[in-house]
Amino acid sequence: MRHPDLPGEGGCRCGAVRFRVTQPPLITMACHCTGCQKMSASAFSTSVAFPADGFEVIKGEPVISGLKQADLPHYFCPDCMSWMFTRPAALDFMVNIRATLFDETGWYAPFVETQTAEKLSWAETGAPHGFERFPGPDDMGPLIEAYAKATAAT
Numbered sequence: 270m271r272h273p274d275l276p277g278e279g280g281c282r283c284g285a286v287r288f289r290v291t292q293p294p295l296i297t298m299a300c301h302c303t304g305c306q307k308m309s310a311s312a313f314s315t316s317v318a319f320p321a322d323g324f325e326v327i328k329g330e331p332v333i334s335g336l337k338q339a340d341l342p343h344y345f346c347p348d349c350m351s352w353m354f355t356r357p358a359a360l361d362f363m364v365n366i367r368a369t370l371f372d373e374t375g376w377y378a379p380f381v382e383t384q385t386a387e388k389l390s391w392a393e394t395g396a397p398h399g400f401e402r403f404p405g406p407d408d409m410g411p412l413i414e415a416y417a418k419a420t421a422a423t
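Numbering (the working numbering), first residue to last: 270 to 423.
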């Protein structure tokens, strides 16, 4: 595992919305919940949590769509409707960006997989940490620390 080159940029499929990150990621994840399966039209969604103060939208205006939950707003491109990022209210220090939207993705590998109770039987990520449901707030600190150690070793 390694960090992306910084600053890093990415965007939606059509290019109407672009973003930039300027700080190293906190953690990488894959989610197997049926909601992510449906929103990503895949077996799981992949994401990278970055510090909120190291993230900015540099082009366009994303819109909240998907489930439109106040505590879990999912942001999409208003033109191509690419699911771009989520700002979990309970974890307001971070922005969870869809990993495949970065211009360069070769650095990405999931460190944690969540909602494994809902995963498709053939879906494997290789993540070293897994949770049947979502990790609790008390789990996030140790997971972020373990990710930092794993990426510092490369």
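Ideal Cβ positions, reconstructed from N, Cα and C, are used throughout, including at glycine.
| query | Alpha carbon to alpha carbon, how far is residue 375 from residue 342? | reply | When rounded, the distance between both Cα atoms is 27 Å.
| field | Euclidean distance between Cα positions of residue 399 and residue 330 | value | Straight-line Cα distance between these residues: approximately 34 Å.
| By Cβ distance, which residues of its chain are closer than 7 Å to residue 392, with the 5 residues on each side in sequence left out? | 301, 312 and 313
| task | Rounded to whole angstroms, what's the CA-CA distance from residue 394 to residue 380? Just pull it up for me. | result | 9 Å
| Beta-carbon spacing of residue 279, residue 371 below 8 Å | By the CB criterion at 8 Å, residue 279 and residue 371 fall inside the cutoff.
| task | State buried or exposed for residue 295, treating a residue as buried only when at least 16 other CB atoms are found within 10 Å of its CB. | result | Only buried fits residue 295, as 16 or more other CB atoms lie within 10 angstroms of its CB.
| message | Along the chain, where does the alpha helix (DSSP H) containing residue 412 start, and where does it finish? | response | 406 to 421
| Counted within 10 angstroms of its Cβ, other Cβ atoms place residue 429 as buried (16 or more) or exposed | Shown here, the chain extends from 270 to 423; a query on residue 429 therefore has no answer.
| field | For residue 401: DSSP bridge partner residues | value | Bridge partners of residue 401: none, in fact.
| field | Beta-carbon proximity of residue 288 to residue 345, cut-off 8 Å | value | No, they are not a contact pair.
| message | Could you tell me which whole beta strand (DSSP E) segments of length 3 or greater appear in the stretch 274 to 306? | response | Whole beta strand (DSSP E) segments, 3+ residues: 277 to 280, 287 to 290 and 296 to 300.
| query | In or out: residue 373 buried (at least 16 other Cβ within 10 Å) or exposed? | reply | exposed
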